[in-house]
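Our numbering puts the first residue of the sequence shown at 128, with every later residue one more than the last.
So the structure is just underneath, and the comments pick up after that.
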Amino acid sequence: MTKFRPFPEAHEHGDIEMLFPDIHFVTGSAVMAGRLPMRFSRNMTILRQNDELTLINTVRLSEDGLNELDKLGTVAHVIRLAGFHGMDDPFYQNRYGAKVWSVDAPYLPGFSEGSEPYLEPDVVLDETTTLPLDGARLLLFKSAKPNEGLLLLEREGGIIVSGDCLQNWARTDRYFSLPAKIMMPLLGFIKPHNIGPGWRKVAKPDATEIKANLDVEFAHVLPAHGAPVIGNAKDRYAPAIAGL
């Protein structure tokens with residue numbers, strides 16, 4: 128059930144692109160409020176199974192973008208991998224009646240402890256959850272507060288869909304505001320094949336758990352932040368993982 132609150136507006140985004148059969152990807156943007164608001168890019172992964180779509184790391188699209196999304200299939204599920212994401216999940220739940228699957232982390236406005244959650248998921252994910260996707264499994268970071276997860280798709284040599292854990296911002300892009308272009312490199316965000324620095328600082332995941340979850344075979348990473356990593360992804364992230 129959704130607590131009434133205005134849905135965040137749709138910000139600028141790009142076109143929906145097919146990366147693999149039945150796997151699409153779109154880059155949009157978000158604004159982080161504060162004394163110096165910063166706009167930066169974020170990505171949504173779209174998985175199609177039969178005629179149903181599952182949205183991961185949701186980004187609200189414009190009406191034109193939603194029309195293109197509808198051509199791919201019917202939005203049936205939303206999967207929230209990152210406790211710091213999810214603000215657009217209620218929009219897709221409301222518009223399509225999508226079933227919301229989330230890691231064990233409350234939906235809090237502005238990550239504010241003590242605030243009333245604005246959404247209760249239909250399913251709280253754990254290792255025993257049967258996902259609405261064939262050949263997929265969840266890798267959970269239970270030491271992270273809020274919780275975080277990775278979705279491993281066992282196809283194409285292994286595809287990881289990541290929330291804030293695995294990032295790939297090699298450079299700032301057109302969605303970054305000037306304050307973000309200045310501040311985010313200084314904070315360590317703008318690095319290729321990176322373990323999310325903000326996530327590590329705030330959520331404090333255990334390094335051993337990160338290494339254990341990434342000790343799987345994967346060739347590609349579709350991150351919530353940064354460009355897709357297509358090919359040799361495990362080797363490309365190896366230095367950052369070893370550096371933990």
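For each residue, glycine too, the CB sits at the ideal point set by N, CA and C.
Query                                                                                                                                              : Result
DSSP three-state label for Arg301, please.                                                                                                         : coil
Would you kindly work out how many angstroms separate the C-alpha atoms of Leu293 and Glu336, rounded to a whole number?                           : 14 Å
According to DSSP, which residues form a beta bridge with Gln75?                                                                                   : Outside the displayed range of the chain (128 to 371) lies residue 75, so it cannot be described from this structure.
Would you list the residues sitting across from Trp326 in a DSSP beta bridge?                                                                      : Paired residue(s): none; Trp326 is not in a bridge.
Give a single yes or no on whether Glu179 has its beta carbon closer than 7 Å to a heavy atom of the ligand ZN.                                    : The ligand ZN is absent from the structure shown, which contains no ligand whatsoever.
Could you give the uninterrupted runs of the beta strand (DSSP E) lying entirely in the segment 183-256, keeping only those of 3 residues or more? : 201-207, 226-229
From Thr172 to Arg162, what does the alpha carbon distance come to, in whole angstroms?                                                            : 31 Å
Using the Cα positions of Ser168 and Gly353, report the straight-line distance between them to the nearest angstrom.                               : 7 Å
Compare the Cα-Cα distances from Ile143 to each of Pro164, Lys198, Asn177 and report the closest residue.                                          : Lys198
Just tell me which of Gly285, Gln176, Gly315 has its CA closest to the CA of Asn295.                                                               : Gly315
Output the distance between the C-alpha atoms of Leu182 and Val158, rounded to the nearest integer angstrom.                                       : 20 Å
Does Asn69 come out as helix, strand or coil in the three-state DSSP assignment?                                                                   : Any question about residue 69 goes unanswered here, given that the chain covers just 128 to 371.
Could you tell me which of Ala137, Pro259, Ser229 sits nearest to Leu180, measuring between CA atoms?                                              : Pro259
Give me the Cα-Cα distance between Leu280 and Pro164, rounded to the nearest whole angstrom.                                                       : 35 Å
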